[in-house]
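Student: Attaching a single structure in structure tokens format; questions to follow.
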Amino acid sequence: MSRIATVFSQLQAAGKKALIPFVTAGDPDPEQTLPVLNALVEAGADVIELGVPFSDPMADGPTIQRASERALAKGMTLAKVFEMVRAFRAGNATTPIVLMGYANPIEAMGLEAFAQAAADAGVDGVLVVDYPPEESAEFAAAMRAVDIDPIFLLAPTSTDARIAQVAEVASGYVYYVSIKGVTGSATLNLAEVAARIPLIRQRTGLPVGVGFGIRDAETARGIAAIADAVVVGSRLIEEMERHPAAQAAEAVRAVATDIRRGIDAA
């Protein structure tokens, strides 16, 4: 059983929901990424999505775009992201790491080389925003060949056919984008999310995580009542932006702890 499957199995047995924070590798500074990851675990993160910096993050709003820009300006590369995962894995053998990013860096490295490097580093899942499920059989097979879960997005506009396509190729969990638009761009509508999740569950037995628009303990509690996982990203990055780089770990710890409290109150 993969680390991701193990975590969700344990949470289900305990009657709990997952906290999945997102941060960008190398933001606000490469030296702070490992302390930030460790702080998120200490705050109650069950899975961590680690963003691979990219110059044109089309699905991301201004906040995560700024995070990518800062990381790239500090010299972050895909190879350095793998180094960060290895450093994290040296001290943590249980918390799953999911790389989240775009196709270009993977295509530049080559799919098989990327898959092997990710596996060697200790990556557990990969979510590529611009790999549509109907064109991702090769990607999914390459990930599964090295025991990495290929994770896919679903949106409010996803058709029944698209949900079925994702169910066919995905493993680990499904990431439901709760709003129409980029990260951090709109207000979360819990009623709409609650209406969509049962339709997804009709097609797949995978856990369903919900992200985009979750900013505090109250919204986290609402999502945790209807989904299997709560994904939060922009809110963490905004908090890091309000503090000096050296205080990044403590900044995200405070926000993640509050959101964890909301999830557990669901």
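Taking the working numbering, the leading residue of the sequence shown gets 465, the next gets one more, and so forth. Positions of the beta carbon are idealized from the N, C-alpha and C atoms, including for glycine.
#1: CB Phe676 to CB Ile643, shorter than 7 Å?
#2: What is the rounded straight-line gap between the Cα of Ala625 and the Cα of Ala709?
#3: How would you label Gly539, buried or exposed, when you count the other beta carbons within 10 angstroms and need 16 or more for buried?
#4: Go to Ile687, then tell me how far its alpha helix (DSSP H) extends in each direction, as first and last residue.
#5: If Val633 sits next to Pro614, beta carbons under 8 Å apart, how far is it from one beta carbon to the other, in whole angstroms?
#6: Taking C-beta to C-beta, are Arg725 and Ala681 nearer than 7 Å?
#7: Are the CB atoms of Ile701 and Thr527 nearer to each other than 7 Å?
#8: Run the CB neighbour count on Asp611, radius 10 Å, all protein chains shown included, and call it buried at 16 or more, exposed below.
#9: Any idea what DSSP makes of Val500, helix, strand or coil?
#10: Taking DSSP's pairing of strands, which residues face Met564 in a bridge?
#11: How many angstroms separate the CA atom of Ala503 from the CA atom of Ala557?
#12: Can you list, in chain order, the residues of its chain with a C-beta nearer than 8 Å to that of Pro494? Leave out the 5 residues immediately preceding and following it.
#13: Ala482 by DSSP, collapsed to three states: which one?
#14: Whose C-alpha, out of Ile727, Lys481, Met607, is nearest the C-alpha of Val590?
#15: To the nearest angstrom, how far is the alpha carbon of Ala581 from that of Leu514?
#16: Looking at the unbroken beta strand (DSSP E) that takes in Ile615, where does it start and where does it end?
#17: Beta-carbon separation of Val696 and Ile678 under 7 Å?
#18: Could you tell me which of Asn568, Pro492, Val694, Ala567 sits nearest to Val638, measuring between CA atoms?
#19: Buried or exposed: Asp491, going by 16 or more other Cβ atoms within 10 Å of its Cβ?
#20: Under 7 Å Cβ to Cβ from Ala730, same chain only, skipping five residues before and after it: list those, please.
#21: In terms of DSSP beta bridges, what is Thr488 paired with?
#22: Where does Thr683 land, buried or exposed, given buried means 16+ other C-beta within 10 angstroms?
#23: Please state whether the Cβ-Cβ distance between Ile468 and Gly636 is less than 7 Å.
#24: Just tell me which of Val672, Phe546, Ala605, Val562 has its CA closest to the CA of Gln476.
#25: Under a three-way DSSP split, which group does Gly574 fall into?
#26: For Phe518, which option in Asn568, Val471, Gly508, Ala551 has the closest C-alpha, if you only look at C-alpha atoms?
Tutor: For this structure:
#1: yes
#2: 44 Å
#3: exposed
#4: 681-688
#5: 6 Å
#6: yes
#7: yes
#8: If you draw a 10 Å sphere on the C-beta of Asp611, you find fewer than 16 other C-beta atoms in it, and that means exposed.
#9: helix
#10: Gly515, Leu591
#11: Rounded to the nearest angstrom, the two C-alpha atoms are 15 Å apart.
#12: Ala535, Lys538, Gly539, Met540, Lys544, Met548
#13: strand
#14: For Val590, the nearest C-alpha among the options comes from Met607.
#15: 15 Å
#16: 613-618 is the span of the beta strand (DSSP E), which, as asked, contains Ile615.
#17: With contacts defined by Cβ atoms closer than 7 Å, Val696 and Ile678 form a contacting pair.
#18: Val694
#19: buried
#20: Lys481, Arg685, Ala688, Ala689
#21: Gly515
#22: buried
#23: With contacts defined by Cβ atoms closer than 7 Å, Ile468 and Gly636 form a contacting pair.
#24: Val672
#25: coil
#26: Looking at the Cα atoms, Asn568 is the closest of the given residues.
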